[in-house]
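Engineer: Below are the structure tokens for one structure; questions will follow.
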Amino acid sequence: MKWLRAKEKIEQSPSLDEQRAHILAEIGAKLRETRQGYGFDLDDVVAYTKIARRLLQAIEDANFNNLPEPIYTQGLIKRYADALGFNGMEIANKYPIGVNRVNLISGWKSKSQRQLRPVHLYLIYVGLIICSVSGLSHVLNIATVANNSPNQSKLQNTASQPKKNQQFALQPASNNQTNNENNRQVQVGVILKDSSWIRVEADGKTEFEGILPQGTQRTWKANSQLIVRAGNAGGVMVSVNQQQPKPMGQPGKPEEMKIAANTRS
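Going left to right, the sequence shown walks through residues 3 to 267 as my numbering numbers them.
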């Protein structure tokens, strides 16, 4: 008998959806009647309120399945009622927006309130073990990556070293090239022990012509040939390609010396 009474008590309490449907039917009928009394078409209300026609139609027809969430529907009702001259807030507040609630007798217990069984505890224990193993694997993977990072850096540094060595290995070749160019040139230096007239031609062009006083030191270079003429050959010491200086000739006598690029003495 107690179970039957409790069941009757639950059935007598209407659900929230039923309450919404009943209240929305009253509000919709009132708004439609007022709109038609003013001679307004539904499109007129759409133009004034900027509410979609299908939503206004759903309010008047109490079709809350075609309406948005209750909180938004409440706002639509307010705007519609305000447009017709009603107190929109007062009418909209009649539309319930809460959640469904079922009042049960205190002696009844919900299925969700059942006590935990040993099987449930076992499943929780297994879940904790799986989470622990996954977390430990993640930590170990991070540590492995961290340990491999220095090794990768060393490999990268080692890989970059041959490039540096190659650069250093190329430098002697550049120096050799410079030395070869210097070897192909000819260089003549003169030291005046006594004043003398001097004329120097480098690769067919006159580089100097004049009298140099005693103690003068000069140097000329050419790519193919140097020609040195001296009026007082005995007073001129000549050094070819930075070798030991030698007298150009006899004192007081003119002398001419031709030095080609391949001459080493």
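Every residue gets a Cβ at the ideal spot worked out from N, C-alpha and C, and that includes glycine.
Answer yes or no: do Gly30 and Asp63 have a C-beta to C-beta separation smaller than 8 Å?
Structural biologist: yes
Engineer: Of the residues Ala232, Asp205 and Ser226, which one's Cα is nearest the Cα of Leu214?
Structural biologist: Ala232
Engineer: Which residue wins for smallest C-alpha separation from Gln219, given the options Gly206, Gly191, Thr208 and Pro98?
Structural biologist: Gly191
Engineer: Would Gly251 and Asp196 qualify as a contact pair, given that the criterion is a beta-carbon distance under 8 Å?
Structural biologist: no
Engineer: In three-state DSSP terms, what is Lys248?
Structural biologist: strand
Engineer: For the stretch 74-88 against the stretch 31-43, do three or more pairs of beta-carbon atoms, one drawn from each stretch, fall closer than 8 Å, so that the two count as touching?
Structural biologist: Yes, since at least three Cβ pairs between the stretch 74-88 and the stretch 31-43 fall closer than 8 Å, the two stretches touch.
Engineer: What does the alpha-carbon distance come out to for the pair Leu69 and Leu130?
Structural biologist: When the Cα atoms are used, Leu69 and Leu130 turn out to be separated by approximately 44 Å.
Engineer: Give me the Cβ distance between Ile193 and Met239, rounded to the nearest whole Å; I'm assuming they're in contact under 8 Å.
Structural biologist: 4 Å
Engineer: Is DSSP giving Gly109 helix, strand or coil here?
Structural biologist: Note on Gly109: pLDDT 40, under 50, position unreliable in the model; no value is reported.
Engineer: Could you give the distance in angstroms between the alpha-carbon of Lys255 and the alpha-carbon of Trp199?
Structural biologist: 11 Å
Engineer: Out of Val48, Ser134, Gly77 and Pro247, which has the shortest C-alpha to C-alpha gap to Thr221?
Structural biologist: Pro247
Engineer: Under a Cβ-count criterion, where at least 16 other Cβ atoms within 10 Å of its own Cβ denotes burial, should Ala60 be classed as buried or exposed?
Structural biologist: buried
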